[in-house]
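Novice: Heads up, the sequence shown stops at 1624 in my numbering, and the numbers go up one at a time, no gaps.
Every residue, glycine too, gets a C-beta built ideally from N, C-alpha and C.
Predicted model, so just to flag it, every value in this text is computed and none were measured.
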Amino acid sequence: MKHTLHPILIFAAILGVAMAANGVFMLINPSLWYTAVPGVERTGLFNQHFIRDIGLLYVAIGAAFIGGSVSPIYRVLLWASATTWLTAHALFHFWEVAAGICGPDVLWVDFPAVTLPSIVGIGLTFWAWKTASSPS
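1. To the nearest angstrom, how far is it from the Cα of valine 1528 to the Cα of tyrosine 1522?
2. Please tell me whether isoleucine 1554 and glycine 1504 are closer than 8 angstroms, where the distance is taken between their beta carbons.
3. Secondary structure at proline 1495, three-state DSSP: helix, strand or coil?
4. Hey, out of Ala1500, His1537, Leu1533, Ile1549, whose CA is closest to alanine 1508's CA?
5. If you follow the alpha helix (DSSP H) that isoleucine 1610 is in, where does it begin and where does it stop?
6. Going by DSSP, what residue range makes up the alpha helix (DSSP H) through glutamate 1584?
7. Please look up how many angstroms separate the CB atoms of valine 1512 and valine 1547, rounded, as I've assumed it's under 8 angstroms.
8. Does the contact criterion of 3 or more C-beta pairs under 8 angstroms hold for the stretch 1595-1609 versus the stretch 1571-1579?
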């Protein structure tokens, strides 16, 4: 019997590598990360400790997407856990706009790095849940 890797699993693993790489960047050089990522400087003053804390989260999120790609038993749990934080993060950015902390233009700048990963995570988690609960 030939086993093939589903394209969604490959995509999730690539997402995980990207998330983990972002986290490692935040851990290794928080000041460069702060100035290099579009929109970050508008969110507040540079705080090395805070950036590194979030960097650890991104490494964990990346590990969860990679781990879920290779471990069907834990896939839903891992991807749902990572997606929960990504979604809370995206919703927090929307709240900042709603509260008047920043303008709505920030949402467009943030979209690729904040909102899109949340949407992708929701899709991946739903796919994992559907495939885990479908009969073999």
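Specialist: Let's see:
1. Counted from its first residue, the sequence shown places residue 1528 at position 40. Counted from its first residue, the sequence shown places residue 1522 at position 34. Valine 1528 and tyrosine 1522: Cα-Cα distance of roughly 6 angstroms.
2. Residue 1554 sits at position 66 when you count from the first residue of the sequence shown. Residue 1504 sits at position 16 when you count from the first residue of the sequence shown. Yes; because the gap between Cβ atoms is below 8 angstroms, this pair is in contact.
3. Here the question's residue 1495 lines up with position 7 in the sequence shown. Looking at proline 1495 - three-state DSSP - the assignment turns out to be helix.
4. Within the sequence shown, residue 1508 is the residue found at index 20, counting from 1. Taking each of Ala1500, His1537, Leu1533, Ile1549 in turn and checking the Cα distance to alanine 1508, the smallest one comes out for Ile1549.
5. Numbered from its first residue, the sequence shown carries residue 1610 at position 122. Looking at the DSSP string, the run of the alpha helix (DSSP H) that includes isoleucine 1610 is 1604-1621.
6. In the sequence shown, counting from the first residue as 1, residue 1584 sits at position 96. Start and end: 1563-1586.
7. For the purposes of this step, residue 1512 is identified with residue 24 of the sequence shown, where counting begins at 1. For the purposes of this step, residue 1547 is identified with residue 59 of the sequence shown, where counting begins at 1. 6 angstroms between Cβ atoms; contact.
8. Touching, per the Cβ criterion.
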